[in-house]
Amino acid sequence: MEEISYLVSKSIAKVIRFSTNEEMKLSCLKLLNVNNSLEAEKVFQQQLIEWKKQPMEKSYLKSQLTAQKRKVDCELSKIITNDLENWE
Numbered sequence: 752m753e754e755i756s757y758l759v760s761k762s763i764a765k766v767i768r769f770s771t772n773e774e775m776k777l778s779c780l781k782l783l784n785v786n787n788s789l790e791a792e793k794v795f796q797q798q799l800i801e802w803k804k805q806p807m808e809k810s811y812l813k814s815q816l817t818a819q820k821r822k823v824d825c826e827l828s829k830i831i832t833n834d835l836e837n838w839e
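In terms of the numbering used here, the sequence shown opens at residue 752 and continues consecutively.
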């Protein structure tokens with residue numbers, strides 16, 4: 752999650768710094784509620800610090816466990832199918 756947030760933050764920062772589309776720049780600045788790219792960088796750094804402090808959410812852990820369970824179930828199904836084919 753932190754990596755995605757970091758990438759999104761960096762992308763928005765690049766738009767603010769380098770985009771020639773003023774409307775897009777202003778939209779990004781407004782999204783962050785800041786006036787310039789330096790303030791935006793400070794917001795990003797503060798967000799990263801806050802995200803690092805937060806414990807992993809239960810829903811995230813649950814989704815990870817569900818994904819692992821599906822993977823195990825899939826592998827188990829393959830093993831059973833192969834065993835049945837070999838048995839016949």
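Even for Gly, the Cβ is constructed at its ideal location relative to N, Cα and C.
None of these values were measured; they are calculated from a predicted model.
Within the same chain, show all residues whose beta-carbon is closer than 8 Å to that of residue i, passing over the 5 residues directly before and after it, in chain order.
{"i": "E792", "result": "A764"}
{"i": "C825", "result": "none"}
Considering only C-alpha positions, which residue in the set the options is nearest to residue i?
{"i": "Q797", "options": "E836, N837 and S760", "result": "S760"}
Excluding the 5 residues flanking residue i on each side, which residues of the same chain have their C-beta closer than 6 Å to its C-beta?
{"i": "K776", "result": "I767 and S770"}
{"i": "E790", "result": "none"}
Quick check on the burial criterion: 16 or more other C-beta atoms within 10 angstroms. Buried or exposed for residue i?
{"i": "L783", "result": "buried"}
Leaving out the 5 sequence neighbours to the left and right, which residues in its chain are closer than 7 Å to residue i when beta-carbon positions are compared?
{"i": "S788", "result": "A764, I767 and R768"}
{"i": "N786", "result": "L780"}
Measure the alpha-carbon distance for residue i versus residue j and round it to whole angstroms.
{"i": "F795", "j": "N837", "result": "57 Å"}
{"i": "I830", "j": "V823", "result": "11 Å"}
{"i": "L835", "j": "S814", "result": "31 Å"}
{"i": "K820", "j": "N833", "result": "20 Å"}
{"i": "E773", "j": "E801", "result": "30 Å"}
{"i": "S828", "j": "K804", "result": "40 Å"}
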